[in-house]
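Protein chains in written order, with this note's numbering: chain A, 47 to 566; chain B, 47 to 566.
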């Protein structure tokens, strides 16, 4: 095989992949519309459209090897005959291909239809605080995910087979090891913090950060807070000619193409931070999406490495940047000016209040210290569901027990408990751990960025966020799936994933804030 | 063939059609998103997605007869062995099928991609008042539409082949006959009206209705006018749990399913009527969409008969209802209450001003009398383009000449002239005449409704719009394509299309308004 022939075959593969991807993004548009715009009664028809398209995409994807094109290239990969970018295309395409071909088209379509319907049922069940309404759907989803794990195959836990689609190369055992260490660090660390509790004691705590930071009775008109969040998004380098910001119950980011990456956020007229931080979080994701090399669209070179790496981008912006003192040095005066009389605390107290650590019930409202315990609970429960050691009907009770054990609080309703997240209704089981992986990676990348960008925090304090975006684009975004998560971490930070960066970050930030001894 | 077998075959066909339709509605979602939400840079990727999906839908549609299912049923149709609803399914499916199979998939995909891109170029060209920018795209579109006409085949004019896809069974000759009669009635009728002209004489007239009806300097906040239009939409019976209202440059209606029928409108802060009438117009369309029998979704029984019939629904609501005295008897006090001090004219003068007839440049702003002349101009020009007797480069000059001839006014810019409409950029050539057919049908249906619904105008004056909606649903919407346009008119009004109803309506309404003798 001549080099030229190889190049042609890669081009041929790219063309086929591109077609599949363009169809796939059509599904993403339907899903985005479903979350953002669709009228209630459109749900059933939409589920059918998504299901049919999912089946078609699956079919088209499997057809990329109908003449052995991919198999042939894979042989060349094994013989080490491909240059790194070609190797990445073939390696990662083969990974998805060999996974996809284990799933029959009927399975894919059923799953798409089931989850599209289940999302609406979940939304209703949550609104009505009625777990029983959602339970039969979740049972069917768990059943189908167990079936999926069987079809995919696994060595140790069926959970491995699910985890792998969100975080390639990661195993359940490894997650358990990391999470156990993290629990061992976090639970006593949180216990040492002088957590202020409500009068009802340690067991029921509502998130009352707001009252500390925002003057009582303040109202933030939705348009005005949207404008403010948009200014921050712009400063972060989010290109609004290649994106847009809408409102949805659960903020999310969706990529149709590097030139059309949309985020959603939410607006609480009483609390602008419920829009600022989700916006920064989603823009962190969106910068990854916009930073992928559009010339490789359709191939793994224009695809994110893993959800963990994706989440590292959102969390880096949301927490390391957005909840830092340098960031607010620049933005606090602007916020005060935009909303006169509302922010009366001096900057240091504002910063301290913003970073108050309190066990709370809602994951998305959790501070960056307690957040990972929310994830660990979800991981433990969904793993048990998939391994068949617990049942859906027992979830609410188990959820509440676990919250008491790890966070010392108990939800009074399932709405604030087991029904709070959309993930299970969408079939995203195996997804939650990537949130914590993201937190760990974000601390490790942040550490590297601070070392490499001279005066990074001073720049941020002056409102310059684009230097950081450029660094992330150069070191992470533009590579697509050229590296595995492990190799990316190695390339960017000189080390594989090392959770110590996260614990060091937490200690260094919260020790002084809470007056803990530095060796804590 | 037993009856049961036939029923089973119809069911099989229905299932196949449904699948194609669900995929087709995915394209409609992408197109809706393109108009309403898509960020600018997403245009190229979207064009590719739409093109690929269009190709797939085309493929899937042709495959419905892969085993001769449709051909077999068609034989049964010819032998008159089918009941009317089955006959309609087979007849109309065969009509689209035999059209579609004449178009190669590459042609369909190229056309979809070309027009998706052309729309963006047109929007830019219009904004920049730069016809030359759009011209090369329009040339390619005309060329491809001529190719389409050749592929489809025709007897007299290639325009027949295009017209047929929007208005089945209609011919160019018939349109010419109707339009000639209409011109013969309209041009002298308008000439007899005491049209008030601007100081620059009869040749340049701007639309200055506003100043007559709305107090000078009045501003209508977008949210407030949206709310008002929504109230009217609700009163008309538009189900907002199965629809939604957004803003777009050109108002339009799109049906994904009878349970998800969306309209767009526009908002001019200085003129609420630019939102009220487009909203009523689009809701008129949407009521047809929501009134189609969802249990037949995917088959011709849940599809609109023709664009002319569709337009009859929108125009009936916009003009016969929305610009009538009874309607405003109910709504004018509400409008006055909602916007205090803005509407000071007494109702009769308000009504007269609302119905002022003035030649204007912009089709969508035209009154119901001059409107059809806008259509006739477009028809004559696009027919000549398709027949190859004129060229794209000559359009601006020809456009302006024709405006002078029929309406006595000349656009000063192409933006107000030949660039004003989106249709040609989307490849909708053969579409314009259906607007006038809609006007003609609307007068004919309105006449029948007034005869059959006792006290219809009194009901409307009391705010009851739903009785009319029910009548339209019962007599028109719920039948889908059971009847042809001709047979529907026969069934509902006892006559085929009869343009005299329109001229009678215009005479009866505008004669008294302008103090003309009734025999005018």
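Backbone N, C-alpha and C define an ideal beta-carbon position, used for all residues, glycine too.
Taking the C-alpha atoms as reference points, what is the distance between residue i and residue j?
i             : j             : result
residue 73/B  : residue 231/A : 51 Å
residue 91/A  : residue 301/B : 11 Å
residue 312/A : residue 134/A : 37 Å
residue 101/B : residue 445/B : 35 Å
residue 333/A : residue 304/B : 38 Å
residue 538/B : residue 505/B : 21 Å
residue 385/B : residue 266/B : 8 Å
residue 27/B  : residue 405/B : Since the first residue of chain B shown is 47 and the last is 566, residue 27/B is not available in this structure.
residue 509/B : residue 373/B : 7 Å
residue 117/A : residue 143/A : 10 Å
residue 325/B : residue 207/B : 32 Å
residue 376/A : residue 239/A : 28 Å
residue 158/A : residue 184/A : 14 Å
residue 242/B : residue 293/B : At residue 242/B, the pLDDT of 47 sits below 50, so the modelled position is not reliable and the matter cannot be decided from this model.
residue 476/B : residue 61/A  : 35 Å
residue 478/B : residue 353/B : 10 Å
residue 256/B : residue 421/B : Low confidence applies to residue 256/B: its pLDDT is 45, below 50, so where it sits in the model is not reliable enough to give any reading.
residue 219/B : residue 226/B : 10 Å
residue 246/B : residue 456/B : Reliability fails at residue 246/B, whose pLDDT of 33 lies under 50, so the model's placement of it is uncertain and the value that follows must be treated cautiously. Going by the C-alpha atoms only, they are around 12 Å apart.
residue 139/A : residue 528/A : 12 Å
residue 262/B : residue 389/B : 10 Å
residue 210/A : residue 217/A : 7 Å
residue 299/A : residue 308/A : 6 Å
residue 187/B : residue 162/B : 11 Å
residue 380/B : residue 106/A : 56 Å
residue 531/B : residue 351/B : 6 Å
residue 331/A : residue 369/A : 17 Å
residue 254/B : residue 58/A  : Because residue 254/B carries a pLDDT of 45, less than 50, the predicted location of this residue cannot be relied on, and the following value inherits that uncertainty. Rounded to whole angstroms, residue 254/B to residue 58/A spans 60 Å at the Cα level.
residue 65/A  : residue 343/A : 10 Å
residue 338/A : residue 212/B : 42 Å
residue 121/B : residue 355/B : 29 Å
residue 349/B : residue 340/B : 10 Å
residue 76/A  : residue 99/A  : 10 Å
Determine the chain E residues that contact residue i at a beta-carbon separation under 9 Å, and present them in chain order.
i             : result
residue 414/A : This model lacks chain E altogether, as its protein chains are A and B.
Alpha helix (DSSP H) segments (min. 4 residues) lying fully within the region 289 to 355 of chain B = 319 to 337
Could you tell me whether the region 108 to 116 of chain B touches the region 68 to 86 of chain B, where touching means 3 or more Cβ pairs closer than 8 Å?
-> no
Can you give, in chain order, each stretch of the alpha helix (DSSP H) that sits fully within the region 344 to 421 of chain A and has at least 4 residues?
-> 353 to 361, 371 to 384, 393 to 400
Can you list the alpha helix (DSSP H) stretches of 4 or more residues lying completely in the region 470 to 553 of chain B, in chain order?
-> 479 to 498, 502 to 507, 512 to 521, 531 to 539
Three or more beta-carbon pairs under 8 Å between the region 169 to 178 of chain B and the region 461 to 471 of chain B, yes or no?
-> yes
Residues of the region 60 to 90 of chain A with Cβ closer than 9 Å to any Cβ of chain B, in chain order | 64, 65, 68, 69, 71, 72, 73, 75, 76, 78, 79, 82, 83, 84, 85, 86, 87, 88, 89, 90
Which ranges would you report for the alpha helix (DSSP H) in the region 147 to 214 of chain B if only whole runs of at least 4 residues count?
-> 151 to 174, 177 to 198, 204 to 212
What residues from the region 305 to 318 of chain A come within 8 Å of chain B, judged by C-beta to C-beta, listed N to C?
-> 305, 306, 308
How do the region 221 to 239 of chain B and the region 415 to 426 of chain B stand: do at least 3 beta-carbon pairs fall below 8 Å, yes or no?
-> yes
Contact between the region 198 to 205 of chain A and the region 422 to 434 of chain A: three or more CB pairs below 8 Å?
-> yes
So, do the region 513 to 520 of chain B and the region 467 to 478 of chain B have three or more beta carbon pairs nearer to each other than 8 Å?
-> no
Inter-stretch contact (C-beta, 8 Å, three-pair minimum) for the region 534 to 549 of chain A and the region 488 to 497 of chain A = yes
Near-chain A residues of the region 275 to 307 of chain B (beta-carbon distance less than 9 Å), N- to C-terminal order | 285, 286, 287, 288, 289, 290, 292, 302, 303, 304, 305, 306, 307
Do the region 518 to 536 of chain B and the region 394 to 404 of chain B meet, that is, are 3 or more Cβ pairs less than 8 Å apart?
-> no
Complete alpha helix (DSSP H) runs within the region 64 to 120 of chain B (minimum length 4 residues, chain order) | 89 to 108
Where are the beta strand (DSSP E) runs, 3 residues long or more, that stay fully inside the region 117 to 141 of chain A, in chain order?
-> none
Okay, do the region 480 to 487 of chain A and the region 356 to 365 of chain A touch, 3+ Cβ pairs below 8 Å being the bar?
-> yes
Members of the region 326 to 350 of chain B that neighbour chain A once the beta carbon cut-off is set at 9 Å = 340, 343
Residues in the region 460 to 473 of chain B having any Cβ partner in chain A nearer than 9 Å = none
Closer than 9 Å, Cβ to Cβ, to anything on chain A: give me those residues from the region 91 to 112 of chain B, in chain order.
-> 91, 92, 94, 95, 96, 97, 98, 99, 102, 106
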